[in-house]
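Note that the working numbering has the sequence shown beginning at -5, numbered continuously upward.
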Amino acid sequence: MRQRPSIRRMIDRLPTFVIATGIAAIVTGSVGFTVAIALIVVGSVASGLLARLATR
């Protein structure tokens, strides 16, 4: 039987995905510039929060 990935591990990858999505949105112009910047900022903040939680 295959092991399912833990919820924590899946959440750890989410900020990187959001940042990459924001960068791709800027490059392709698929969404507004403000939305793309917001994605990058939200992903960065979430990454910092997860790093802080991991040290506790």
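Here a beta-carbon is modelled for each residue, glycine too, at the ideal position from N, C-alpha and C.
Report the rounded CA-to-CA distance for Ser38 versus Ser0, giving the unit in angstroms. For Ser38 and Ser0, the gap between their C-alpha atoms comes out near 22 angstroms.
Excluding sequence positions up to five away, which residues of its chain have a Cβ less than 8 angstroms from the Cβ of Phe27? Ile20
Would you report the Cα separation of Arg(-4) and Met4, rounded to the nearest angstrom? 16 angstroms
Residue range of the alpha helix (DSSP H) that includes Arg3: Ile1 to Thr22
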